[in-house]
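Report on one structure; see the data block that follows.
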Amino acid sequence: MTSQLPVDDRLASTHADRWRDPTLRPDERADALIPLMSLEEKLAQLVGLWVGAEASGEGVAPHQTDMVEHTPPWSEAIRHGLGQLTRPFGTAPVDPVLGARSLAASQAQIVAASRFGIPAQVHEECLTGFAAWRATVYPTPLSWGAAFDPELVEEMAGLIGRSMRAAGVHQGLAPVLDVTRDYRWGRTEETIGEDPYLVGTVGAAYVRGLERAGVVATLKHFAGYSASRGGRNLAPTAMGHRELADVILPPFEMALRLGGARSVMNSYAEIDGVPAAADAGLLTRTLRDQWGFDGVLVADYFAVRFLQTLHGVAADAAARRWRRRCAPAR
Numbered sequence: 011m012t013s014q015l016p017v018d019d020r021l022a023s024t025h026a027d028r029w030r031d032p033t034l035r036p037d038e039r040a041d042a043l044i045p046l047m048s049l050e051e052k053l054a055q056l057v058g059l060w061v062g063a064e065a066s067g068e069g070v071a072p073h074q075t076d077m078v079e080h081t082p083p084w085s086e087a088i089r090h091g092l093g094q095l096t097r098p099f100g101t102a103p104v105d106p107v108l109g110a111r112s113l114a115a116s117q118a119q120i121v122a123a124s125r126f127g128i129p130a131q132v133h134e135e136c137l138t139g140f141a142a143w144r145a146t147v148y149p150t151p152l153s154w155g156a157a158f159d160p161e162l163v164e165e166m167a168g169l170i171g172r173s174m175r176a177a178g179v180h181q182g183l184a185p186v187l188d189v190t191r192d193y194r195w196g197r198t199e200e201t202i203g204e205d206p207y208l209v210g211t212v213g214a215a216y217v218r219g220l221e222r223a224g225v226v227a228t229l230k231h232f233a234g235y236s237a238s239r240g241g242r243n244l245a246p247t248a249m250g251h252r253e254l255a256d257v258i259l260p261p262f263e264m265a266l267r268l269g270g271a272r273s274v275m276n277s278y279a280e281i282d283g284v285p286a287a288a289d290a291g292l293l294t295r296t297l298r299d300q301w302g303f304d305g306v307l308v309a310d311y312f313a314v315r316f317l318q319t320l321h322g323v324a325a326d327a328a329a330r331r332w333r334r335r336c337a338p339a340r
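Numbers 11 to 340, taken from our numbering, label the letters of the sequence shown in order.
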């Protein structure tokens with residue numbers, strides 16, 4: 011006898027038990043869940059909410075104040091789910107115990123508000139330790155490179171990862187694998203050194219330590235950020251394919267193959283006139299097809315919006331139009 015259930019109900023009947031089954035692999039559970047989700051619910055998983063971000067000019071991301079728009083009430087923001095909670099500990103000083111309790115309460119609300127009860131992923135900066143009040147501060151990456159002791163760096167990263175997991179954080183925005191090219195660049199202190207082999211070896215060790223602690227390591231900034239003209243932050247990068255392949259890319263490939271990183275963050279830079287955030291050759295053909303990376307590619311905060319506002323290669327903010335179209339009638 012043919013089932014008389016509507017198509018959506020038949021899908022739910024087929025997939026519901028599978029996506030909830032903890033004995034299945036994560037990718038199998040995701041494959042069972044995705045057909046059940048609406049467009050709004052899928053898009054919500056791509057949204058990060060910056061908890062505590064300031065509109066006063068005291069923001070910590072480049073051009074953060076340029077991106078400030080009307081923020082919907084919390085209940086509206088999470089009604090289809092939420093992909094990421096951004097820096098709940100690192101945006102402003104917060105007692106770690108109270109912060110962890112507040113984060114747990116927020117996660118409970120996110121789970122209760124949406125149909126599928128998916129908690130948000132939480133990320134924090136962790137280059138020299140968990141970027142939170144009272145957390146241990148470790149030596150800068152320049153010190154890692156000077157010591158050239160991968161085992162010690164791996165041990166340090168494991169300690170950092172365990173402190174993050176204890177507070178409810180899932181993803182760490184480190185390590186920085188930009189190879190030093192111009193000492194005038196303002197983020198040189200975040201780099202490991204000027205030799206690709208050194209950067210890749212030490213960076214892979216950091217990744218192993220963080221990942222073994224259960225925290226997703228995020229390689230950044232992919233790619234060419236440290237080679238900008240005149241050492242200016244966000245400036246274009248003038249570099250040919252051979253130099254890019256010989257100097258800039260090897261640390262990222264090493265950290266993926268030898269470290270097992272599960273996330274990569276694109277650079278704000280543009281190479282030969284093509285912004286990294288829109289470079290299919292870099293993000294798809296090299297990263298996905300050639301290297302076989304199947305993890306999560308994340309934008310460096312507002313990098314996608316910068317395609318319109320800074321790089322001038324996008325005509326408008328398509329995401330803003332989508333929000334207006336899908337907003338509930340008032």
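C-beta: ideal position from N, C-alpha, C; glycine also. Fair warning: this is a prediction, and the values are worked out from it, not measured in the lab.
A contact is defined here as three or more CB-CB pairs under 8 Å, and the segment 298 to 306 meets this definition with respect to the segment 270 to 284. In the structure shown, Ile281 falls within a strand segment according to DSSP collapsed to helix, strand and coil. Under the three-state reduction of DSSP output, His90 falls in the coil class, being neither helix nor strand. Beyond the five residues adjoining it in sequence on each side, Ala130 comes within less than 7 Å, by CB distance, of Leu92, Gly93, Gln94, Leu95, Gln117 and Ile120 in the same chain, given in chain order. Under the Cβ criterion (8 Å, minimum of three pairs), the segment 218 to 238 counts as touching the segment 274 to 292. For Leu297, the CB contacts under 6 Å within the same chain, skipping 5 residues up- and downstream, are Phe303 in chain order.
With a minimum length of 3 residues, the unbroken runs of beta strand (DSSP E) contained wholly in the segment 189 to 232 fall at 226 to 232.
In this structure, Val225 sits away from Ala265, with a CB-CB distance that is not shorter than 8 Å. Counting along the chain, Glu135 sits inside no beta strand (DSSP E), nor does DSSP assign it H or E at all. A Cβ-Cβ contact shorter than 8 Å links Lys230 with Asp310.
Contact between Trp29 and Leu43 is confirmed by a C-beta separation of about 4 Å, below the 8 Å threshold. Going by DSSP, Gly168 is part of the alpha helix (DSSP H) stretching over Pro160 to Ala176. Note on geometry: alpha-carbon atoms of Ile170 and Val189 lie some 23 Å from one another.
Ser173 is positioned such that its CB atom lies closer than 8 Å to that of Ala145.
CA-to-CA, the gap between Ala87 and Phe126 works out to about 15 Å. Put simply, the segment 281 to 290 does not touch the segment 197 to 206. Fewer than three CB pairs are less than 8 Å apart.
Residue range Pro151 to Ala157 is occupied by the alpha helix (DSSP H) that includes Trp154. Using a C-beta cut-off of 8 Å, the segment 246 to 253 makes no contact with the segment 202 to 210, since fewer than three inter-stretch Cβ pairs fall below that distance.
A distance below 7 Å between beta-carbons, with the five flanking residues on each side excluded, links Ala167 to the following residues of its chain, in chain order: Tyr216, Gly219 and Leu220. By the 16-neighbour rule on beta-carbons within 10 angstroms, Glu38 is exposed. Here Gly182 is buried, its C-beta having at least 16 other C-beta atoms within 10 Å. The Cβ-Cβ distance between Glu134 and Phe99 falls below 8 Å.
Relative to Ala245, the option among Gln300, Asp282, Trp301 and Pro151 whose CA is nearest is Asp282. Residue pairing by DSSP places Gly182 opposite Glu134 and Ala227 in a beta bridge. With a cutoff of 8 Å on beta-carbon distance, Ala184 and Ala227 are scored as near each other. One alpha carbon belongs to Ala122, the other to Arg97, and they sit about 22 Å apart.
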